[in-house]
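These notes are about the structure you will find just below.
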Amino acid sequence: MFKLTPEAKVGMFVLLGVIILVYMSLRIGGIQFGKGEGYEIFVKLPSAAGLDKDASVRIAGVEVGRVKDILLEDNKAKVIIRVHPDVKVGTDFVAVLKTKGLLGERYLELIPGSPNASMIEHGGEITRVTTYTDMDRLVGQLSEIATDIKAVSSSVSSVLGGGEGEAVLRRIVTNIEEVTTNLNTVISSNDEKFGRMLTNFEEFSKLLKDKSPEIADGMKNIADNLNQVITENRENLKGGISNLKSASVKLEETMETLNKLAKNVEPKIDDAITSIGGAAKKVDDTASSIGNVAKKIDKGEGTIGKLINDPSTHDNLNKTLTGINTYITKADQFKTFLGFRSEYLFGAGDAKSYLSLRIQPKADKYYLIEVVDDPQGRRKTKTTETTTGGITTTTKEVITEDQIKFSAQIAKRFHDATLRGGIIESTGGFGVDYYLFNDRLKLTLEAFDFDKKRNPRVKTAATYNINKYFFVTGGYDDVISKVGGESLFIGAGFHFEDEDIKYLLTSAPIPTR
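What the sequence shown shows, in the working numbering, is residues -13 to 499, in sequence order.
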């Protein structure tokens, strides 16, 4: 049997140890042969000082690759990195050169961007770079700051140093102590006054807060009224100013004329004084009459007295004004719509037209008046008897004639459904409308003309509003007809709000009784 010598055993043990040592070194050091795993990308930095080959590349502190090489290109450091194959680097990633700790080794940090960004392929470039202040620049700045602080401290020392500076500091401290003592004395002695002042200010601010809407409304009303008065009397004010200028000129001319006439009227002054005395007596009589009238008004006598002193007159006037205001408000809410539509009946081979007026006093109620041109409005049966060879033949012919019909309906809306009733095409009937898609689509069912000889006329339709003015419609007319009047139809029309008819209707005289 083959046996190993002690020397061979020692050699094999040493070889096995060397193999394990090499393997562990490669694993721990991350040394790879050839191209290795992953893909290569690069980034250009203004400075790669302190960054070495094989430095760590990290995302969120986790190592995702290594620096493969550092080159100089276009006066910038081109850093080539190899990224693990399972890590995707987006086009909006940001590269930052960082340091572990204060004096640790440098590494390249990649800050992720949007998860929806496209990935950088092999050989691509990270274009977004952020540069932090490096340690050399930081030390230089700290050195400059230290120099400035030293200069300031030297200036302070030269000003406050020595006995004179110490005396100045002592006086400053003494003055500050006296000021604080006096301030504390004033606050202590006026503590109650300050309390009352704060309480009064709090109550005033609360009152102002509560009354601020009323004050604002009052100021707004005053401003609006003043603006309205100025606007309405703008021309009058201009005319008044112009008249005032003219009057001042004429007054000057009048004064000159009076000065000339004064010399001529001096002999007649006595007569004028006498006349003035009589006029004064008449003024006294007139004032007495006015006083009597004022007493009667104060007692409530006469129309003006009742208006001022009689509460019932006030109430009646307020009721009248309230009624007028209610009438005006309802008139503003009042809307009228004009419309026209035409429906082509395939069974009759002719068109049926509608001219409509919708009077809508409220959003959920309206009155509908229509004039209808019906090509199948009147049906007549013509019976003809013909005798040939002793055999009598009876022939019945249904003749359809055009007829003008009228509709007058009352409608009330409940949420998305509207119930209508009244006269439909000159006969009693009712209808239901159901609205969908914010009232753009309307489904209609109508029943009218309840004749014993024929079934009621039932009509179904769907109407779609293309826009505010135009619409299309289609459906089935006379669904359960016994006389062959059923027919599919399609049509179109338009409707619009008419303010002129609204004002004609709302301008009707109001009855007083």
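Glycine residues also receive a C-beta, built at the ideal position from the N, C-alpha and C atoms.
Treat the numbers as computed from the prediction; the structure is a model and nothing was measured.
When the alpha-carbon of residue 65 is set against those of 239, 102, 94, 270, the nearest one is in 94. Boundaries for residue 23: no alpha helix (DSSP H) harbours it, and the DSSP string shows neither H nor E there. Residue 387 has its alpha-carbon roughly 23 angstroms from the corresponding atom of residue 446. Rounded to whole angstroms, residue 80 and residue 104 show a C-alpha spacing of 14 angstroms.
As DSSP reads the structure, residue 99 sits in no beta bridge. Scanning its chain for C-beta atoms nearer than 8 angstroms, with the 5 sequence neighbours on each side dropped, one finds around residue 50 the residues 43, 44, 69, 70, 73, 96, in chain order.
By the criterion of a C-beta distance shorter than 7 angstroms, residue 82 is surrounded in its chain by 95, 97, 116, 118, once the five residues flanking it on both sides are discounted.
Just so you know, the alpha carbons of residue 434 and residue 410 end up roughly 6 angstroms apart. Between residue 450 and residue 427, the gap from beta carbon to beta carbon is short of 9 angstroms. By a beta-carbon distance limit of 8 angstroms, residue 350 contacts residue 399. Their separation comes to about 4 angstroms. Assignment of residue 451 by DSSP, reduced to helix, strand and coil, places it in the strand class. A straight line joining the alpha-carbon of residue 134 with that of residue 128 spans about 10 angstroms.
Inter-segment contact for the stretch 333 to 343 and the stretch 352 to 359 is present: three or more beta-carbon pairs are separated by less than 8 angstroms. Rounded to whole angstroms, the separation of the alpha carbons of residue 173 and residue 180 is 8 angstroms. In the DSSP assignment, residue 112 forms a beta bridge with 29.
Residue 423 and residue 327 have their C-alpha atoms some 22 angstroms from each other. Your pair residue 27 and residue 91 does not check out as a contact, with CB atoms roughly 22 angstroms apart and the cut at 8 angstroms. Around the beta carbon of residue 154, fewer than 16 other beta carbons sit within 10 angstroms, so the residue counts as exposed. Take the alpha-carbon of residue 114 and the one of residue 40: they are about 22 angstroms apart.
In terms of Cβ geometry, residue 56 and residue 34 form a close pair [threshold 9 angstroms].
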